[in-house]
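Undergrad:
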Amino acid sequence: MQDCYEIKKTDELVKHLKSNGRTDPYEDFDYQLQTNYAWVYELKNGQVVLIGNSFRHGGLLFRDKECFNGIVKADKFPIENPDKSLYDFEIDRIKTIHKRIDFYRNHLNTVLKFDFQELTREAAQAYIKKVVGRTIKKLTTDTDLVALIAIFGEIMRREINGKWVLEKWYGTFNPYFMPKILNPKNKIIPINDSVLISIKWKVTFIDTILNNTEGVLSLKETRKYHECVVLTD
Numbered sequence: 668m669q670d671c672y673e674i675k676k677t678d679e680l681v682k683h684l685k686s687n688g689r690t691d692p693y694e695d696f697d698y699q700l701q702t703n704y705a706w707v708y709e710l711k712n713g714q715v716v717l718i719g720n721s722f723r724h725g726g727l728l729f730r731d732k733e734c735f736n737g738i739v740k741a742d743k744f745p746i747e748n749p750d751k752s753l754y755d756f757e758i759d760r761i762k763t764i765h766k767r768i769d770f771y772r773n774h775l776n777t778v779l780k781f782d783f784q785e786l787t788r789e790a791a792q793a794y795i796k797k798v799v800g801r802t803i804k805k806l807t808t809d810t811d812l813v814a815l816i817a818i819f820g821e822i823m824r825r826e827i828n829g830k831w832v833l834e835k836w837y838g839t840f841n842p843y844f845m846p847k848i849l850n851p852k853n854k855i856i857p858i859n860d861s862v863l864i865s866i867k868w869k870v871t872f873i874d875t876i877l878n879n880t881e882g883v884l885s886l887k888e889t890r891k892y893h894e895c896v897v898l899t900d
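Numbering-wise (my numbering), the sequence shown opens with residue 668 and increments by one.
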C-alpha cells in the first residue's frame, strides 16, 4: 500500500476477508461504526477492513488499526459517498453558510439575471419563481438550491433574530450538514426542507416558507440523534 489504506470494491474485500478466515462477512463482523453504520473487521494480521453498510458501494482495506483509528477520528474517509446529494457537493460552503450569504446572493443574481443588492422578501419571491421555472426545464443546479436555502434562511433568521444551525448526518461513508434555523425558543426550523419541498411541488408562495417559524424539535432533543453546530460570528 502506497498509503496506509486501499479503496476496493465490495467483492474484493469479501474475498480478502474469506482468505483471512471470515467465511461469512455478512455475519462475522466485529462491529458497526455508530456514525455511518459501516461494517468493521479487525483481522488477525493487523489489517482492518471497512465495508459500506449496504454492501453495494465498496470500502477500504487499512494496513493497521493505527491508520484506521486516525481516519475515524478525522471523520473523513478517503472515499466519496455514492449518490452524492446537494449537501455533499456544497459541503465546504455549507459549513460556513452564515458567512456565505453574499456569495449565494451574487450567484443567484448572476444565474437568474437579477441585481438584488439587499435580502428582502421581494428578492426571495423573484428568486424562487425563477428557480422553479428553471427546474421545470431541468436547468437548476445543486448550488442554485443551496443558494435558495441560504437566502430564505438568512431572511428568516434576521426577521426572528435566530441563528444558523448545522445538523450533521452521514452518507454511506462521510458526513454532510443540513443548514437549518434555530429560533429564539431554541427550536429548529427545517428551512432547507421547506425550500426543497416548495421547489419539488412548484410552490412559489414565499409566506408558506418564511412564516413557518415555530420549529419542530428543540435543539436539546435533536442533539440526542444528531450532532448540531450553532453558527455564530
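Cβ atoms here follow ideal geometry from the backbone N, Cα and C, with glycine treated the same way.
1) Are THR808 and GLY719 close, meaning C-beta to C-beta below 8 Å?
2) How about TRP706: is its Cβ closer than 7 Å to a heavy atom in the ligand COA?
3) What ranges does the beta strand (DSSP E) occupy inside the region 703-770, keeping only unbroken runs of at least 3 residues that lie completely in it?
4) Any beta carbon from chain D within less than 8 Å of ILE856's own beta carbon?
5) For the beta strand (DSSP E) that contains GLU894, what are its first and last residues?
6) Using 10 angstroms around the beta-carbon of GLN714, count the other beta-carbons present and answer buried if the total reaches 16, otherwise exposed.
7) Between which two residues does the alpha helix (DSSP H) containing LYS682 stretch?
8) Could you name the residues that DSSP lists as bridge partners for ASP831?
9) Roughly how many angstroms separate the alpha carbons of PHE729 and PRO846, rounded to a whole number?
10) Give the straight-line distance between the Cα atoms of THR802 and VAL681, rounded to the nearest whole angstrom.
11) Near TYR837, which residues of its chain fall below 7 Å by C-beta distance, leaving aside the five closest residues on each side in sequence?
12) Grouping DSSP H, G and I as helix and E and B as strand, with all else coil, what is LYS854?
13) Identify the continuous alpha helix (DSSP H) that holds LYS796 and give its terminal residues.
14) Give me whichever residues DSSP pairs with TRP836 in a beta bridge.
15) In the DSSP assignment, what are the bridge partners of GLN701?
16) Does DSSP put ILE674 in a helix, a strand or coil?
17) My assumption, with CB atoms under 8 Å, is that THR871 sits in contact with ILE795. Please give the rounded CB distance.
18) Just the Cα atoms here: how many angstroms apart are LYS887 and LEU849?
19) Measuring alpha carbon to alpha carbon, tell me which residue in TYR672, VAL798, ASN879, ILE855 is nearest GLU733.
20) Tell me which residue opens and which closes the alpha helix (DSSP H) that THR875 is part of.
21) In whole angstroms, what is the alpha-carbon distance linking LYS852 and HIS765?
TA: Let's see:
1) The sequence position of residue 808 within the sequence shown is 141, counting from 1. The sequence position of residue 719 within the sequence shown is 52, counting from 1. Result no, Cβ atoms of THR808 and GLY719 do not sit closer than 8 Å.
2) In terms of ligand content, the structure shown is empty, and the ligand COA therefore cannot be addressed.
3) Considered as a whole, the region 703-770 harbours 706-709, 715-718, 726-729 as its complete beta strand (DSSP E) runs of no fewer than 3 residues, in chain order.
4) The question asks about chain D, but that chain is absent: this structure has only one protein chain.
5) Within the sequence shown, residue 894 is the residue found at index 227, counting from 1. Note, GLU894: premise wrong, no beta strand (DSSP E); not H, not E.
6) To locate residue 714, count along the sequence shown from 1; it is residue 47. Its Cβ being crowded by 16 or more others within 10 Å, GLN714 is buried.
7) Here residue 682 refers to the residue found at position 15 when the sequence shown is read from its first residue. Segment 677-686, the alpha helix (DSSP H) holding LYS682.
8) Against the sequence shown, residue 831 aligns to sequence position 164. The sequence shown places Trp at residue 831, not Asp. In the DSSP assignment, the residues bridged to TRP831 are ILE848, LEU898.
9) Residue mapping note: residue 729 aligns to position 62 of the sequence shown, counting from 1. Residue mapping note: residue 846 aligns to position 179 of the sequence shown, counting from 1. Here the alpha carbons of PRO846 and PHE729 stand approximately 33 Å from one another.
10) Translated into positions along the sequence shown, residue 802 becomes position 135. Translated into positions along the sequence shown, residue 681 becomes position 14. Going from the Cα of THR802 to the Cα of VAL681 covers about 42 Å.
11) Residue mapping note: residue 837 aligns to position 170 of the sequence shown, counting from 1. Counting only Cβ-Cβ distances below 7 Å, and skipping sequence neighbours, we find THR702, ASN703.
12) What you label residue 854 is simply residue 187 of the sequence shown in a count that begins at 1. Residue state, collapsed to three classes: strand.
13) The residue given as residue 796 occupies position 129 in the sequence shown. First-last of the alpha helix (DSSP H) with LYS796: 788-803.
14) Residue 836 sits at position 169 when you count from the first residue of the sequence shown. Partner(s): TYR843.
15) Taking the sequence shown and counting its residues from 1, the one referred to as residue 701 is at position 34. According to DSSP, GLN701 bridges with nothing at all.
16) In the sequence shown, counting from the first residue as 1, residue 674 sits at position 7. Residue state, collapsed to three classes: strand.
17) As a first step, residue 871 must be located in the sequence shown, where it is residue number 204. As a first step, residue 795 must be located in the sequence shown, where it is residue number 128. Between THR871 and ILE795, the beta carbon gap of about 5 Å places them in contact (Cβ cut-off 8 Å).
18) On the sequence shown, residue 887 is found 220 positions in, with the first residue counted as 1. On the sequence shown, residue 849 is found 182 positions in, with the first residue counted as 1. Straight-line Cα distance between these residues: approximately 11 Å.
19) Stepping through the sequence shown from its first residue, residue 733 is reached at position 66. Taking the Cα of GLU733 as reference, the smallest distance to any Cα among TYR672, VAL798, ASN879, ILE855 is reached at TYR672.
20) Here residue 875 corresponds to residue number 208 of the sequence shown, with the count starting at 1. Note, THR875: alpha helix (DSSP H), 874-877.
21) One-based indexing of the sequence shown puts residue 852 at position 185. One-based indexing of the sequence shown puts residue 765 at position 98. Cα-Cα distance, rounded: 20 Å.
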